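A.B. asks: Residue numbers (the working numbering): 172 to 329.
By construction, the Cβ of each residue, glycine as well, lies at the ideal position given by its N, Cα and C atoms.
None of these values were measured; they are calculated from a predicted model.
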Ligand SMILES: CC(C)(COP(=O)(O)OP(=O)(O)OC[C@H]1O[C@@H](n2cnc3c(N)ncnc32)[C@H](O)[C@@H]1OP(=O)(O)O)[C@@H](O)C(=O)NCCC(=O)NCCS
């Protein structure tokens with residue numbers, strides 16, 4: 172059984188965040204993720220400061236196996252508009268490519284539409300093809316590269 176929900180107190184699930192994050196990025200180019208425990212802790216803190224209401228966890232048979240962190244109040248300088256910014260999305264390695272990422276994305280889309288936001292956006296490592304394929308498959312377009320290695324992606328909702 173699959174359950175997707177917003178976490179009220181993300182500090183309580185930090186342990187699962189770290190476990191899923193490390194598993195999801197295994198074998199990925201280390202340019203695109205935080206590799207040391209210290210960096211991951213700092214990243215978690217940053218996400219918690221910026222999007223405390225945007226920790227969305229996916230449970231499979233009551234086990235946390237995936238999450239997204241979304242800021243539903245992010246200013247996009249190119250669009251000059253507030254957008255839903257997907258800061259992170261991860262599915263544990265052994266659960267990848269089974270449609271769970273799509274279930275998370277559908278939930279993010281539902282929340283963003285309820286808030287009447289016109290766009291879903293994010294950054295993906297420019298050669299993180301697994302993730303780029305995923306977002307493109309579900310209707311995102313690729314845009315400019317920023318800071319050398321990050322590709323801006325975007326999907327129009329309305
Ligand atoms: C990106 C991610 C969240 C997608 O979740 P998922 O549950 O694996 O994806 P789904 O099963 O819902 O969707 C399947 C699609 O994703 C893409 N995909 C998933 N795994 C892939 C792989 N190993 N290689 C290439 N494409 C892959 C494909 O487009 C696939 O569709 P296809 O089989 O028709 O080609 C997940 O793969 C992940 O955690 N990746 C590592 C972390 C990461 O890079 N996050 C994105 C940061 S921006």
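Since residue 242 contacts residue 290 with CB under 8 Å, what's their CB separation in whole angstroms?
C.D. replies: Rounded to the nearest angstrom, the Cβ distance from residue 242 to residue 290 is 12 Å, too far for a contact under 8 Å.
A.B. asks: Which residue marks the beginning of the beta strand (DSSP E) containing residue 294, and which one marks its end?
C.D. replies: 290-296
A.B. asks: Return helix, strand or coil for residue 204, following the three-state DSSP convention.
C.D. replies: coil
A.B. asks: Going by DSSP in three states, residue 306 sits in which element: helix, strand or coil?
C.D. replies: helix
A.B. asks: For residue 174, which of helix, strand or coil comes out of DSSP?
C.D. replies: strand
A.B. asks: Counting along the chain, where does the beta strand (DSSP E) carrying residue 314 start and finish?
C.D. replies: 312-317
A.B. asks: Once the 5 residues before and after residue 174 are set aside, which same chain residues still bring their CB inside 8 Å of it?
C.D. replies: 229, 230, 233
A.B. asks: Just reading off the beta strand (DSSP E) that residue 237 is part of, what are its end residues?
C.D. replies: 234-247
A.B. asks: Answer yes or no: the CB of residue 207 versus the heavy atoms of ligand 1, is any distance below 8 Å?
C.D. replies: no
A.B. asks: Measure from the alpha carbon of residue 214 to the alpha carbon of each residue in 246, 237, 224, 188, then state which is nearest.
C.D. replies: 188
A.B. asks: From the DSSP secondary-structure annotation, give me the bridge partner or partners of residue 326.
C.D. replies: Beta-bridge pairing links residue 326 to 291.
A.B. asks: Using only the heavy atoms of ligand 1, determine whether one of them is closer than 8 Å to the beta carbon of residue 297.
C.D. replies: no
A.B. asks: Where does the unbroken alpha helix (DSSP H) through residue 281 begin, and where does it stop?
C.D. replies: 271-285
A.B. asks: For residue 236, I'd like the list of residues in its chain whose CB is within less than 8 Å of its CB, leaving aside the five on either flank, ordered along the chain.
C.D. replies: 191, 229, 230, 262, 263, 266, 271
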